[in-house]
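This report refers to the structure that appears directly beneath it.
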Amino acid sequence: MVLRPDGYHWLAEGGRQEFGPFATVALARADRDGSGEASAAAVDALQQAEQEIGIADWIDPETGEPAEGLCPPHLQED
């Protein structure tokens, strides 16, 4: 934990990323300790929302963008 003028921050392993500010050390620790669970839930929610509105979940390796519109079919590899 690091105390900065704007509040408490926590550092990721390796110290390259800093997260915060938080009003208390307890809030910073809670965010640090629960961040993995929230991230997984957020990813699932995002994927579900994208499916509901019809956004493709396959990314074209040549363009780096979702495969939309008139494109050759994408066959899943087994």
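Residue 843 in our numbering is what sits at position 62 of the sequence shown, and the numbering runs on without skipping anything.
Glycine is no exception: its CB is placed at the ideal position from the N, C-alpha and C atoms.
In this text, all values refer to a predicted model and were calculated from it rather than measured experimentally.
According to DSSP, residues forming a beta bridge with residue i
i: V783; result: H790
i: I840; result: P847
For residue i, the nearest candidate out of the options (CA to CA)
i: V806; options: M782, G845, I834; result: M782
i: Q828; options: E794, P847, G788; result: P847
i: D787; options: E794, G796, R797, A809; result: A809
N-terminal and C-terminal residue of the beta strand (DSSP E) that residue i is part of
i: G795; result: Note, G795: premise wrong, no beta strand (DSSP E); not H, not E.
Classification of residue i by the beta-carbon crowding that lies within 10 angstroms, buried from 16 upward
i: G801; result: buried
Cβ shell of residue i (< 6 Å), same chain only, five flanking positions each side left out
i: F803; result: G788, Y789, A809
i: R813; result: W791
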